[in-house]
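Taking it in order: structure first as structure tokens, then the write-up.
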Amino acid sequence: MKYKNITVAGSGVLGYQIAFQIAFQGFNVTIYDINDEVLEKAKSKFKIIAKAFKSDLNATQEQLDITFKNLTYTSNLTESVKDADLLIEAIPENIAIKISFYERLAKVAPKKTIFATNSSTLLPSQLADSTGRPKQFLALHFANNIWKHNTAEIMGHPTTDPKIFKDLIIFAKAIGMLPLPLHKEQPGYILNSLLVPLLSASLDLLVKEVSDPYTIDKTWMKATGAPIGPFAILDTVGINTVYNINLSSAEETQEPLAFKTVKYLKENFIDKNKLGISTGEGFYKYPNPRFLDSDFLKIKP
Ligand code: NAD
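Just so we're aligned, residue 487 is where the sequence shown starts under this note's numbering, counting upward by one.
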């Protein structure tokens, strides 16, 4: 395996999961975030995810102790990449933030470091120039709850080095992911090409006041046999990311319904710090959301 030292930039909903998964598989992982306060939050989230690794993967205490030893933390960008073979970027889904991050990173990262973005909606070609090393840049896209939904979509842009693309497939397997290579740039990869239209249609139904989140979720669950519905998925994704995606789309399309959705999400969720599972409330309340109730799909008198 070519890569030993991995840096994960951003310790939010996805970043801390990526870092923990890779450390669990025996790699040295450095976590970079904007300040020490955010990194402290990440440390407490690691304690929670460790429990999930125990219950879902039967991870032993010894494995988890080694995982914690493999993790280091810094808010100094230069320090975070000084030995990095691979940097995985999981910072906010905002092109201006990402470009400015890559421009700073390009100046301080060693030449050998490969950069991979976990962006869900941006194409690698939109960011490639800002990396200063387009051949060594591609997308490595994970799904939420990475230890259970262990997929890694791997997508280059037209000038990504094909050898690096292959190396990333090998790396994905080494960290316990099912590699899903894409041979062309595709907005939303495979997963989000399927998922985003579903989530967006659900929000449309809600904002147009056609129905409520529980009824919409019940429809999807009962009719397709899916274990959870679109609003439960939105809570898992995190309302911050959902808000950012809808804001970009409203600005691009200028459609009144899209702006209505953005306003709805801001007033009902962002302003009230209801950001989904991460804050204990989104469309559902956690840890015992209603869709898990045994009677959620039952016919009630
Ligand atoms: P998030 O908002 O939960 O976390 C972002 C993290 O980045 C925060 O810890 C924040 O402090 C940090 N950050 C902000 N500015 C930074 C900077 N300049 N440098 C370094 N760190 C910075 O976001 P998220 O949901 O984890 O999404 C991160 C990326 O992962 C996005 O590109 C998103 O599209 C992608 N992604 C998210 C999901 C999901 O389900 N949430 C799934 C797959 C991919």
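The C-beta atom is built at its ideal place from N, Cα and C for all residues, glycine as well.
Note that the structure is predicted; figures quoted are calculated from it, not measured.
For residue i, count neighbouring Cβ atoms within 10 angstroms of its own Cβ and tell me buried if that reaches 16, exposed if not.
i: Met-663; result: buried
i: Lys-652; result: exposed
i: Glu-737; result: exposed
i: Asp-519; result: buried
i: Ala-687; result: exposed
i: Ser-606; result: buried
i: Ile-640; result: buried
i: Asn-754; result: exposed
i: Asn-732; result: buried
i: Asn-544; result: exposed
i: Ser-541; result: exposed
i: Glu-579; result: buried
i: Thr-553; result: buried
i: Leu-624; result: buried
i: Leu-689; result: buried
Would you report the Cα separation of residue i and residue j, rounded to the nearest angstrom?
i: Leu-611; j: Glu-565; result: One detail in the question is off: residue 611 reads as Ser in this sequence, not Leu. Roughly 27 angstroms between the two C-alpha positions.
i: Asn-726; j: Phe-587; result: 19 angstroms
i: Leu-626; j: Lys-771; result: 31 angstroms
i: Asp-757; j: Leu-751; result: 9 angstroms
i: Thr-747; j: Val-693; result: 6 angstroms
i: Leu-681; j: Ala-712; result: 13 angstroms
i: Gly-498; j: Ile-577; result: 7 angstroms
i: Pro-683; j: Asn-604; result: 20 angstroms
i: Glu-575; j: Gly-501; result: 8 angstroms
i: Leu-572; j: Ile-585; result: 18 angstroms
i: Ala-592; j: Lys-598; result: 11 angstroms
i: Tyr-700; j: Ile-535; result: 27 angstroms
i: Lys-621; j: Ser-679; result: 25 angstroms
i: Leu-550; j: Gly-642; result: 33 angstroms
i: Ala-709; j: Gln-740; result: 33 angstroms
i: Phe-769; j: Leu-720; result: 8 angstroms
i: Leu-810; j: Asn-774; result: In the structure as shown, the chain starts at 487 and stops at 787, and residue 810 therefore has no counterpart that could be examined.
i: Lys-488; j: Val-515; result: 15 angstroms
i: Lys-786; j: Gly-715; result: 19 angstroms
i: Ile-646; j: Val-567; result: For clarity, residue 646 is Thr in the given sequence; the question names Ile instead. C-alpha separation (whole angstroms): 21 angstroms.
i: Glu-523; j: Lys-784; result: 45 angstroms
i: Phe-628; j: Leu-677; result: 10 angstroms
i: Ala-505; j: Thr-493; result: 8 angstroms
i: Ser-764; j: Ile-650; result: 34 angstroms
In the structure shown, what three-state DSSP assignment does residue i receive?
i: Val-696; result: coil
i: Glu-671; result: coil
i: Glu-767; result: strand
i: Pro-665; result: strand
i: Phe-601; result: strand
i: Asn-730; result: helix
i: Glu-565; result: helix
i: Phe-623; result: strand
i: Gly-501; result: helix
i: Met-641; result: strand
i: Glu-575; result: strand
i: Asn-631; result: coil
i: Ile-517; result: strand
i: Leu-557; result: strand
i: Asn-491; result: strand
From the options, pick the residue whose C-alpha is nearest to that of residue i; which is it?
i: Gln-507; options: Phe-657, Asp-779, Met-707, Lys-760; result: Phe-657
i: Pro-665; options: Ile-632, Pro-683, Thr-646, Val-696; result: Ile-632
i: Tyr-563; options: Asn-580, Gln-503, Pro-596; result: The question names Tyr, but residue 563 is Leu in the sequence shown. Leu-563 has its Cα closest to that of Pro-596, out of Asn-580, Gln-503, Pro-596.
i: Thr-722; options: Arg-619, Leu-572, Asn-630, Leu-691; result: Asn-630
i: Phe-510; options: Pro-742, Val-524, Thr-546, Ala-570; result: Thr-546
i: Ala-495; options: Tyr-489, Gln-503, Lys-488; result: Gln-503
i: Arg-590; options: Phe-782, Pro-716, Gly-618; result: Gly-618
i: Leu-613; options: Asn-759, Val-524, Ile-583; result: Ile-583
i: Asp-781; options: Ala-660, Asp-615, Ser-616, Met-707; result: Met-707
i: Thr-637; options: Tyr-675, Asn-521, Thr-765, Val-594; result: Tyr-675
i: Asp-703; options: Val-515, Asp-690, Ala-718; result: Ala-718
i: Phe-601; options: Lys-555, Pro-742, Leu-691, Asn-491; result: Asn-491
i: Gly-766; options: Lys-784, Leu-677, Gly-724, Leu-624; result: Gly-724
i: Ala-538; options: Val-567, Leu-525, His-635, Leu-609; result: His-635
i: Lys-760; options: Arg-776, Tyr-729, Leu-668, Glu-671; result: Tyr-729
i: Lys-555; options: Lys-533, Lys-568, Phe-745; result: Lys-533
i: Phe-777; options: Pro-742, Phe-745, Thr-705; result: Thr-705
i: Ala-570; options: Leu-689, Val-594, Ile-581; result: Val-594
i: Ala-660; options: Phe-513, Thr-493, Ala-505; result: Phe-513
i: Lys-670; options: Gly-762, Pro-644, Leu-685; result: Pro-644
Quick check: does the Cβ of residue i come within less than 7 angstroms of any heavy atom belonging to ligand 3?
i: His-627; result: Among the ligands modelled here, namely ligand 1, ligand 3 does not occur.
I'd like to know if the region 548-567 and the region 526-540 are in contact, where contact means that at least 3 CB-CB pairs between them fall below 8 angstroms. yes
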